[in-house]
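Residues 27 to 151, numbered by the working numbering, are exactly what the sequence shown covers, in order.
The next block holds one structure in the form of structure tokens; read it before the comments.
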Amino acid sequence: MAELQRLDKWLWFARFFKSRTLAGKACNNAKVRINGQIAAKAAATVKVDDVLTFPRGHHIRVVKILDLGQRRGPAPEAQALYEDLAPPEAAIKANDDDTIGGQRDVGTGRPTKRDRRVMDRLRDR
Numbered sequence: 027m028a029e030l031q032r033l034d035k036w037l038w039f040a041r042f043f044k045s046r047t048l049a050g051k052a053c054n055n056a057k058v059r060i061n062g063q064i065a066a067k068a069a070a071t072v073k074v075d076d077v078l079t080f081p082r083g084h085h086i087r088v089v090k091i092l093d094l095g096q097r098r099g100p101a102p103e104a105q106a107l108y109e110d111l112a113p114p115e116a117a118i119k120a121n122d123d124d125t126i127g128g129q130r131d132v133g134t135g136r137p138t139k140r141d142r143r144v145m146d147r148l149r150d151r
């Protein structure tokens, strides 16, 4: 028989969520998919070679399970549990979305109306 593990436990072991409760809530709210099928419960079981799809931050994470965790260990140990299948372009695009307003020097404060108009012209709005 193949080894199985609860979905919420694995997500917590792999450090995708800060607590097992948050992992369980994501599962119960139908945010997590196992091999394309919605996991309706946190108690859904996962095994090695399953592919999980779930939202984290502003982008969708797609990971393949390489190993089942035994504990919530340090980050390098957690990263050994999965392989990230998301394309690298998606990660770059997610980083670009964080700086929608552009880079500003520290201490310059909020842009004035004139500054905003200049930025809008630069962005062709």
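Just so it is clear, CB atoms sit at the ideal spot from N, CA and C, and this is done for glycine as well.
- Across the set G62, D93, I86 and H85, the C-alpha of D93 shows the shortest separation from the C-alpha of R32.
- Rounded to the nearest whole angstrom, the CA to CA distance from D34 to C53 is 7 Å.
- In the structure shown, F80 adopts extended strand secondary structure according to DSSP, grouped into three states.
- Counting along the chain, the unbroken beta strand (DSSP E) around V89 starts and ends at H85 to I91.
- Between the C-alpha atoms of L111 and R140 there is a straight-line separation of about 44 Å.
- For D76, the CB contacts under 8 Å within the same chain, skipping 5 residues up- and downstream, are I60, N61, K90 and I91 in chain order.
- Secondary-structure assignment with DSSP links Q63 through a beta bridge to I60.
- With a 10 Å radius around the Cβ and a threshold of 16 neighbouring Cβ atoms, T138 comes out exposed.
- About 12 Å separates the Cβ atoms of A49 and G95, ruling out a contact at the 8 Å cut-off.
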